[in-house]
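Colleague: Take this structure, written in structure tokens, and hold onto it; I'll ask about it next.
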Amino acid sequence: MIYKVIAKPEFEKFIDALVKANLSYGPKQVDTDKDGNPIYQFKEVNAASDIAFDYTTTASSAKHFLTPYRETLSHFTFTNSDWEQDISYDSKPMVLIGLRPCDISAINILDDVLLNKHFPSPYYLARRKNTFIIGMDHLPLPDCFCKSLNHHTVTTGFNLFCSDIGDKYYLSINSSKAYNYLKEFDIADPTDEDDCKLIERRKLIKQSFKTDVEVTGLPSFLDIEFDSPIWTKWGDKCLNCGTCAMVCPTCYCYNVEDRPDIDLKGSSRQKQLYSCNLVDFAEVAGGHNFRPKNGDRLKYRYYHHYLGFAENDNQPICVGCNRCGRACLADINPKDVINDLRMEKESCMICVSPSPDKT
Amino acid sequence: MRFAVPGQDVNREPFNDQIPDFHYRSSLMQTDRGYKCRITNIVPLTENEKLFQLRILDPDERNIFRFRPGQFLMLQIPGYGEVPISISSSTSNNEQVELCIRKAGHVTSALFEARMGAHVAIRGPFGSSFPMEEMNGRHVILVAGGLGIAPLRAPLFWINDHRDCYGDVHLLYGTKESSQMLFTYQFEEWEKINHISMHTIVEKASPDWSGRTGMITELFDEVEIEPDNTYAIVCGPPIMFKFVCNYLDKQGIPMNRMFVSLERRMHCGMGKCCRCMVGSTFTCVDGPVFDYWSVMNLKEAI
Chain A
-11 MIYKVIAKPE
-1 FEKFIDALVK
9 ANLSYGPKQV
19 DTDKDGNPIY
29 QFKEVNAASD
39 IAFDYTTTAS
49 SAKHFLTPYR
59 ETLSHFTFTN
69 SDWEQDISYD
79 SKPMVLIGLR
89 PCDISAINIL
99 DDVLLNKHFP
109 SPYYLARRKN
119 TFIIGMDHLP
129 LPDCFCKSLN
139 HHTVTTGFNL
149 FCSDIGDKYY
159 LSINSSKAYN
169 YLKEFDIADP
179 TDEDDCKLIE
189 RRKLIKQSFK
199 TDVEVTGLPS
209 FLDIEFDSPI
219 WTKWGDKCLN
229 CGTCAMVCPT
239 CYCYNVEDRP
249 DIDLKGSSRQ
259 KQLYSCNLVD
269 FAEVAGGHNF
279 RPKNGDRLKY
289 RYYHHYLGFA
299 ENDNQPICVG
309 CNRCGRACLA
319 DINPKDVIND
329 LRMEKESCMI
339 CVSPSPDKT
Chain B
2 MRFAVPGQDV
12 NREPFNDQIP
22 DFHYRSSLMQ
32 TDRGYKCRIT
42 NIVPLTENEK
52 LFQLRILDPD
62 ERNIFRFRPG
72 QFLMLQIPGY
82 GEVPISISSS
92 TSNNEQVELC
102 IRKAGHVTSA
112 LFEARMGAHV
122 AIRGPFGSSF
132 PMEEMNGRHV
142 ILVAGGLGIA
152 PLRAPLFWIN
162 DHRDCYGDVH
172 LLYGTKESSQ
182 MLFTYQFEEW
192 EKINHISMHT
202 IVEKASPDWS
212 GRTGMITELF
222 DEVEIEPDNT
232 YAIVCGPPIM
242 FKFVCNYLDK
252 QGIPMNRMFV
262 SLERRMHCGM
272 GKCCRCMVGS
282 TFTCVDGPVF
292 DYWSVMNLKE
302 AI
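Line by line, the protein sequences give chains A and B.
For the record, in the first sequence the residue sitting at position 179 is 167 according to the numbering used here, with numbers rising by one throughout.
So the mapping is simple: the numbering used here equals the position in the second sequence, first residue as 1, plus 1.
Shown next, in the form of structure tokens:
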């Protein structure tokens, strides 16, 4: 990795040049919430001035650029009594600007799942190879808990990462492409003072986390607590809307269906992102549902995020962005559910010794 | 244009012009391209079940398509969708694939409308298989409930092909009604030629039924089990697993010698869509065949 510093106005010039030459997406304010706070989303941008560099977090994640909500896997063309299947992995280069460390970590996790396992996904590969990522650090919101999952910093998965050190950005350059573009701008080697400011900045970020979720030993805890009444309690609140999976930066479960063309001369097989909270997620032919109750499905989502992946990939799939908690219509968030699960067990009369981190 | 990010064309990568080989899991291939097949024969079995015989059109693809007993494939009907179906033909039959299908959803309903000669596609084979070699020299008990006979046909054909490698083989088969019993035309062949002891039972007897009536576990009184020397293969509705496996467990058959085949909703077959996940296990990649010990360790598996 090569480190450089760039003055903020010069950086905007660089972004402007990049944005004008490529299809680019960056954070933009799209609305305000009921309390008057701005709501940001990753949207197409055409100039550096379109980008809200000081944004807090986006409501939806950047995963939709890599695993779109709806994607055509193949197309069938019907001829008389026969058909032909066409597959192509077309993807245009795109620049994603302003991703937070947790967003980049989420993309790294998706890489693991979709490219490093059995049957790597060519659709994802095509998009991933054509993505140029510029990350930016930020001060956490009060409900962010990415530090608990160690995703408040990131070292791979981006082309360029910018840390805000006052009037300059401290750049971590992770690809030759990014370096070649930056060469044409006024960049400098970081001075000792810049290094100090970076350390200070990182310290500040680390100390700004107000929410902590205790995840030590969580996989084993979840395994033991499979029949906990907690799941019924939170399941009763859940509305089965699937919003959490839609905004989650790592949820990738999907549904495949054939959609006939309007002229009936063909049909496309489409992949559509799905949510394990939707009622028919595990329903099989004949109508048997392996997860019939709200609580079963809510529990499964937590098991997949915190237990399944910890067993298969040695890390939970959750990055701690709390988008699901913010978006939930029924006010369910991972922090409360996990702490509740722990409290329920730790407040029972058999194991009375208090847990030190709960005091 | 100096700042344009260069495009990367994944279509040009070599996997694009290779025949997909679903056994070869380590490199990229056209995961969504199926082998095109012709429906060569349709055998109506009962009111709701038919046996479809498919032949892969391309000789190279036909050559590649080899499976192990217990594996499944994804059957594609363009315009309708894709469904996971267990393979119920013999592994030594390289010319055609047999699928025993119940009319249950809109894809299978569309298939039931299909005539002989129609073209469908298959992707696969996927998943784990019954460890037939491990069972060499042992007695085998196959227990099937209802449509559960479909995935058991492949191991049964394997046993028939290698009959001298196995000891006593029992097939216990139960259905709700006698009219739902599948493959009755083969019972005599299996019994007389392949020396497989057939035991059948129905839950509700109709006037034309002369056999036994009751639950499938009642058939065990006809079978002498030698627990140290016996393997069991079980397939049926989830409720049947519990009763059958508990009985066999009590008889002393170790859990790692009982094999079950699980049913789940699947949309990809490749461990991606997560629809078939049980705990942290993908039924499509790690299953559908599990030993009973693994199933006991999977929460909400049966």
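Just so you know, even glycine gets a beta-carbon here, dropped at the ideal spot from N, CA and C.
Quick one: does residue 77 of chain A have its CB under 7 angstroms from some CB of chain B?
Modeller: Residue numbering aside, residue 77 of chain A sits at position 89 when the first sequence is read from its first letter. By this cut-off, residue 77 of chain A is an interface position.
Colleague: Relative to the C-alpha of residue 198 of chain B, which residue among B/177, B/129, B/172, B/7 is closest?
Modeller: Here residue 198 of chain B refers to the residue found at position 197 when the second sequence is read from its first residue. When only C-alpha atoms are compared, the closest one is B/172.
Colleague: Residue 9 of chain B CB to nearest chain A CB: under 7 angstroms?
Modeller: Here residue 9 of chain B refers to the residue found at position 8 when the second sequence is read from its first residue. Interface residue, yes.
Colleague: Quick one, which of A/67, A/15, A/330 has its alpha-carbon nearest residue 212 of chain A's?
Modeller: Residue numbering aside, residue 212 of chain A sits at position 224 when the first sequence is read from its first letter. Of the candidates A/67, A/15, A/330, the one whose C-alpha sits nearest the C-alpha of residue 212 of chain A is A/330.
Colleague: Nearest CA to the CA of residue 62 of chain B: which residue from B/24, B/235, B/152?
Modeller: In the second sequence, the residue the question calls residue 62 of chain B occupies position 61. It is B/24.
Colleague: Residues in its own chain within less than 7 angstroms of residue 96 of chain A by CB, not counting five upstream and five downstream?
Modeller: The residue labelled residue 96 of chain A in the question sits at position 108 within the first sequence. Closer than 7 angstroms at the Cβ level, and outside the excluded window around residue 96 of chain A, lie 144, 145.
Colleague: Where does residue 115 of chain B fall in DSSP's three states?
Modeller: What you label residue 115 of chain B is simply residue 114 of the second sequence in a count that begins at 1. Correct three-state label for residue 115 of chain B: coil.
Colleague: Measure the C-alpha to C-alpha separation of residue 221 of chain B and residue 301 of chain B and round it to an integer number of angstroms.
Modeller: Stepping through the second sequence from its first residue, residue 221 of chain B is reached at position 220. Stepping through the second sequence from its first residue, residue 301 of chain B is reached at position 300. Taking the straight line from one Cα to the other gives about 26 angstroms.
Colleague: Restricting to Cα atoms, I'd like to know which of A/286, A/131, A/124, A/227 is closest to residue 156 of chain A.
Modeller: For the purposes of this step, residue 156 of chain A is identified with residue 168 of the first sequence, where counting begins at 1. The shortest Cα separation from residue 156 of chain A among A/286, A/131, A/124, A/227 belongs to A/124.
Colleague: How would you write the range of the alpha helix (DSSP H) that residue 252 of chain B sits in, first residue to last?
Modeller: Taking the first residue of the second sequence as 1, we reach residue 252 of chain B at position 251. Start and end: 239 to 252.
Colleague: With distances taken from CA atoms, which of A/226, A/253, A/289 is nearest residue 214 of chain A?
Modeller: Along the first sequence, one-based indexing puts residue 214 of chain A at 226. When each option's Cα is compared against that of residue 214 of chain A, the closest is A/289.
Colleague: With residue 21 of chain B and residue 31 of chain B assumed to form a contact (beta carbons below 8 angstroms), what rounded beta-carbon distance in angstroms separates them?
Modeller: As a first step, residue 21 of chain B is located in the second sequence; it is residue number 20 there, counting from the start. As a first step, residue 31 of chain B is located in the second sequence; it is residue number 30 there, counting from the start. Rounded, the Cβ-Cβ distance is 5 angstroms, consistent with contact.
Colleague: Got a sec: is the Cβ-Cβ distance from residue 106 of chain A to anything in chain B below 7 angstroms?
Modeller: Here residue 106 of chain A is taken as the residue at index 118 of the first sequence, counted from 1. Interface residue, yes.
Colleague: Would you kindly check if the distance between the Cβ of residue 154 of chain B and the Cβ of residue 195 of chain B is under 7 angstroms?
Modeller: Here the question's residue 195 of chain B lines up with position 194 in the second sequence. Here the question's residue 154 of chain B lines up with position 153 in the second sequence. No; because the gap between Cβ atoms is not below 7 angstroms, this pair is not in contact.
Colleague: Would the beta-carbon of residue 84 of chain B fall within 7 angstroms of that of residue 108 of chain B?
Modeller: If you number the second sequence from 1, residue 84 of chain B lands on position 83. If you number the second sequence from 1, residue 108 of chain B lands on position 107. Yes, Cβ-Cβ distance for residue 84 of chain B and residue 108 of chain B is below 7 angstroms.
Colleague: Can you pull the DSSP bridge partners for residue 140 of chain A?
Modeller: Along the first sequence, one-based indexing puts residue 140 of chain A at 152. Its beta-bridge partners do not exist; DSSP assigns none.
Colleague: Under the three-state reduction of DSSP, which class applies to residue 289 of chain B: helix, strand or coil?
Modeller: The residue labelled residue 289 of chain B in the question sits at position 288 within the second sequence. Residue state, collapsed to three classes: coil.
Colleague: Consider the Cβ of residue 81 of chain B: report whether some Cβ of chain A lies at a distance smaller than 7 angstroms.
Modeller: As a position in the second sequence, residue 81 of chain B is number 80, starting the count at 1. Yes, its Cβ sits closer than 7 angstroms to a Cβ of chain A.
Colleague: Please name the residue, chosen from A/185, A/85, A/193, A/116, that lies closest to residue 135 of chain A on a Cα-to-Cα basis.
Modeller: In the first sequence, counting from the first residue as 1, residue 135 of chain A sits at position 147. If we check each option's Cα against that of residue 135 of chain A, A/193 comes out closest.
Colleague: With DSSP as the reference, label residue 272 of chain B as helix, strand or coil.
Modeller: As a first step, residue 272 of chain B must be located in the second sequence, where it is residue number 271. Reduced to three states, the DSSP call for residue 272 of chain B is coil.
Colleague: Is the Cβ of residue 151 of chain B closer than 7 angstroms to any Cβ of chain A?
Modeller: Counted from its first residue, the second sequence places residue 151 of chain B at position 150. Cβ-Cβ to chain A under 7 angstroms: no for residue 151 of chain B.
Colleague: Could you work out which residue in A/64, A/83, A/132 is closest to residue 47 of chain A when comparing CA atoms only?
Modeller: In the first sequence, residue 47 of chain A corresponds to position 59, counting from 1. Of the candidates A/64, A/83, A/132, the one whose C-alpha sits nearest the C-alpha of residue 47 of chain A is A/132.
Colleague: Near residue 268 of chain B, what residues of its chain come up, given a Cβ to Cβ distance below 8 angstroms and the 5 sequence neighbours on each side ignored?
Modeller: Position 267 of the second sequence, counted from the first residue, corresponds to residue 268 of chain B. Within the same chain, residue 268 of chain B has close Cβ partners 83, 274, 276.
Colleague: Threshold first: 3 residues or longer. Then list the beta strand (DSSP E) segments lying entirely within the region 125 to 176 of chain A, N to C.
Modeller: Fully enclosed beta strand (DSSP E) runs of 3 or longer: 148 to 153, 156 to 161.
Colleague: What separation, rounded to the nearest whole angstrom, lies between the Cα atoms of residue 230 of chain A and residue 292 of chain A?
Modeller: Position 242 of the first sequence, counted from the start, is the residue given in the question as residue 230 of chain A. Position 304 of the first sequence, counted from the start, is the residue given in the question as residue 292 of chain A. If you take the alpha carbons of residue 230 of chain A and residue 292 of chain A, they lie about 15 angstroms apart.
Colleague: I want to see whether chain B comes within less than 7 angstroms of residue -8 of chain A, judged by CB atoms only; does it?
Modeller: Position 4 of the first sequence, counted from the start, is the residue given in the question as residue -8 of chain A. It does not; no Cβ of chain B falls within 7 angstroms.
Colleague: Tell me the residue span of the alpha helix (DSSP H) that contains residue 223 of chain A.
Modeller: Reading the first sequence from its first residue, position 235 is the one you call residue 223 of chain A. Unbroken alpha helix (DSSP H) run through residue 223 of chain A: 218 to 225.
Colleague: Can you tell me which of A/102, A/168, A/138 puts its alpha carbon nearest to the alpha carbon of residue 148 of chain A?
Modeller: Within the first sequence, the letter at position 160 stands for residue 148 of chain A. Looking at the Cα atoms, A/168 is the closest of the given residues.
Colleague: If we cut at 7 angstroms on Cβ distances, does residue 310 of chain A have a partner in chain B?
Modeller: The residue labelled residue 310 of chain A in the question sits at position 322 within the first sequence. Closer than 7 angstroms: no.
Colleague: With burial defined as no fewer than 16 other Cβ atoms inside 10 Å of the residue's Cβ, what is the status of residue 251 of chain B: buried or exposed?
Modeller: Within the second sequence, numbered from 1, the residue matching residue 251 of chain B stands at position 250. Classification of residue 251 of chain B: exposed, given that the 10 Å Cβ count is below 16.
Colleague: Among all the DSSP beta bridges, which residues are the ones paired with residue 195 of chain B?
Modeller: Here residue 195 of chain B refers to the residue found at position 194 of the second sequence. Answer by DSSP bridge pairing: none, since residue 195 of chain B is not bridged.
Colleague: Please state the DSSP three-state secondary structure of residue 202 of chain B.
Modeller: Within the second sequence, the letter at position 201 stands for residue 202 of chain B. If DSSP states are grouped into helix, strand and coil, residue 202 of chain B belongs with the strands.
Colleague: Please report the distance separating the alpha-carbon of residue 61 of chain A from that of residue 8 of chain B.
Modeller: If you number the first sequence from 1, residue 61 of chain A lands on position 73. If you number the second sequence from 1, residue 8 of chain B lands on position 7. Roughly 20 angstroms between the two C-alpha positions.
Colleague: When you compare each of A/63, A/82, A/296 to residue 361 of chain A by their alpha carbons, which one comes out closest?
Modeller: Since the first residue shown for chain A is -11 and the last is 347, residue 361 of chain A is missing from the structure and cannot be characterised.
Colleague: Is the Cβ of residue 106 of chain B closer than 7 angstroms to any Cβ of chain A?
Modeller: Mapped onto the second sequence, residue 106 of chain B falls at position 105. Judged by the 7 angstroms Cβ criterion, residue 106 of chain B is in contact with chain A.
Colleague: Here's the rule I'm using: 16 or more other beta-carbon atoms within 10 Å means buried, otherwise exposed. How should residue 176 of chain A be labelled?
Modeller: Translated into the one-based positions of the first sequence, residue 176 of chain A becomes position 188. Answer is exposed; the Cβ neighbour count stays below 16.
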